[in-house]
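Right, one structure below, let's go through it.
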Amino acid sequence: MSSETNVVKAALSSVTLHVVIVGGLVAGAIITPPKKPTLEITLASDKPIVQAAIVNNADVQKQVDRLKKEKADAKKAEQLRQKKLKDEQKRIKELERQRKKKQAEKRAADRAAKKARDEAAKQKKASDDAIKKAKAKQKAEAAKAKRIKDERIRQEKVAADAKAKRIAAEKAAKAKAERIRKEKLAKEKAAREQQAREDALAKELEAEQAALTKARQAKVMSEIQKYTSLISATIKRHWVTDQSMKGKECIINIRLASSGFVTQVKRVSGDSIVCQSAIAAVRKADTLPVSKDPQVYAKLKEINLTVQPEFD
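Using my numbering, you'd call the opening residue of the sequence shown number 230 and step up by one each time.
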């Protein structure tokens with residue numbers, strides 16, 4: 230926000246200065262034709278990245294307004310992304326809570342079932358013990374024939390109990406195997422669903438990261454264009470040209486410190502007179518506008534400037 234405020238203040242100051250300059254130009258229009266130099270700025274690389282003509286203050290203001298809107302849009306998009314991420318995390322936590330709740334309920338049900346089985350076994354044992362005592366008493370009081378009959382009945386009952394236990398054991402084993410099979414299928418299904426949710430979330434986060442990266446790159450290029458225009462406007466205020474430069478051009482190399490201080494300016498190629506004029510303008514400016522954003526500064530810390538005066 231501080232950077233945008235400084236840009237606005239600079240733009241207002243530039244407007245005031247241009248009003249004074251225009252007044253002077255109108256007064257001197259009868260003597261000499263107005264001069265309108267054009268600046269073209271490229272990064273110090275094989276090919277120019279930025280080519281910009283000198284813009285007027287209305288263009289600067291439009292660019293400032295557009296940057297404000299882009300910043301507000303980016304902030305809104307970030308808030309929306311954060312909300313989506315929080316909602317997804319909340320949903321995952323809720324699913325985990327429900328899973329743990331179901332596990333706890335199952336453990337409680339298993340404990341209750343075991344307790345019921347233990348109680349039933351205890352009651353059965355007590356009942357069996359009572360029956361055995363009664364039979365033992367009857368055997369002691371019965372005659373020899375009764376004892377033989379009772380022994381036969383007992384043996385038949387033992388065989389029946391064994392058969393019943395065997396059938397019950399087989400049913401229990403079958404039921405257990407079926408339960409294990411169903412639990413395995415349920416776990417596999419839950420694992421697949423969980424993996425699908427995690428994959429979907431990963432893709433969503435990857436897409437959001439890509440969008441943020443793209444937005445950041447767009448912002449950097451926009452900042453480069455903005456500071457390119459500001460550098461051009463600054464040099465224009467100090468550039469003096471004459472008719473002997475008409476139709477000629479020059480390319481100069483400028484290096485800037487992080488504060489915008491010009492650490493080096495030299496001729497690359499072109500007409501020597503045009504180059505001398507352009508170099509003098511840069512040295513007179515002394516300090517050029519630079520961005521505090523490290524990425525933007527890295528792109529503009531060394532630039533090639535193509536100058537080609539034009540006259541009406």
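Every residue, glycine too, gets a C-beta built ideally from N, C-alpha and C.
Just so we're clear, the structure is a prediction, and the values are computed from it rather than from any experiment.
Taking residue i as the reference, give the member of the options with the closest Cα.
i, options, result
"T535", "R512, S498, Q524", "S498"
"I532", "E539, L517, K521, P538", "L517"
"V503", "Q352, A406, V289, W468", "W468"
"P538", "T457, M474, E325, I483", "M474"
"A287", "C479, A462, K513, R496", "A462"
"K315", "L459, T457, L434, C479", "L434"
"K416", "V519, Q332, K298, K513", "Q332"
"D515", "I460, R381, A372, A388", "I460"
"I464", "E370, G489, Q352, Q472", "G489"
What are the start and end residues of the beta strand (DSSP E) that includes residue i?
i, result
"N286", "Note, N286: premise wrong, no beta strand (DSSP E); alpha helix (DSSP H) at 286-370."
"E531", "531-537"
Rounded to the nearest angstrom, how far is the Cβ of residue i from that of residue j, given a contact under 8 Å?
i, j, result
"V494", "V511", "5 Å"
"S506", "L296", "The Cβ separation is near 32 Å, so there is no contact."
"K528", "Q292", "That pair is no contact at about 17 Å."
"I206", "V491", "Lying outside 230 to 541, the shown extent of the chain, residue 206 is not represented and no answer is given."
"R376", "K368", "5 Å"
"D347", "K364", "Incorrect: roughly 26 Å between the Cβ atoms, too far for contact."
"C479", "R466", "Not really, about 19 Å apart at Cβ, beyond 8 Å."
"L197", "V519", "Given a span of 230 to 541 for the chain in the structure shown, any question on residue 197 remains unanswerable."
"E334", "L430", "Contact flag wrong, Cβ pair sits at about 27 Å."
Taking only three categories from DSSP, how would you classify residue i?
i, result
"K378", "helix"
"A425", "helix"
Given 6 Å as the limit, tell me if residue i has its C-beta closer than that to any heavy atom belonging to the ligand HEM.
i, result
"K455", "Only the bare structure without any ligand can be found here, which leaves the ligand HEM out of the picture."
In chain order, which continuous runs of the alpha helix (DSSP H) of length 4 or greater are located wholly inside the region 470-528? Listed in chain order, the complete alpha helix (DSSP H) runs (minimum 4 residues) inside the region 470-528 are 501-514.
Inside the region 395-420 only - alpha helix (DSSP H) runs reaching at least 4 residues: none
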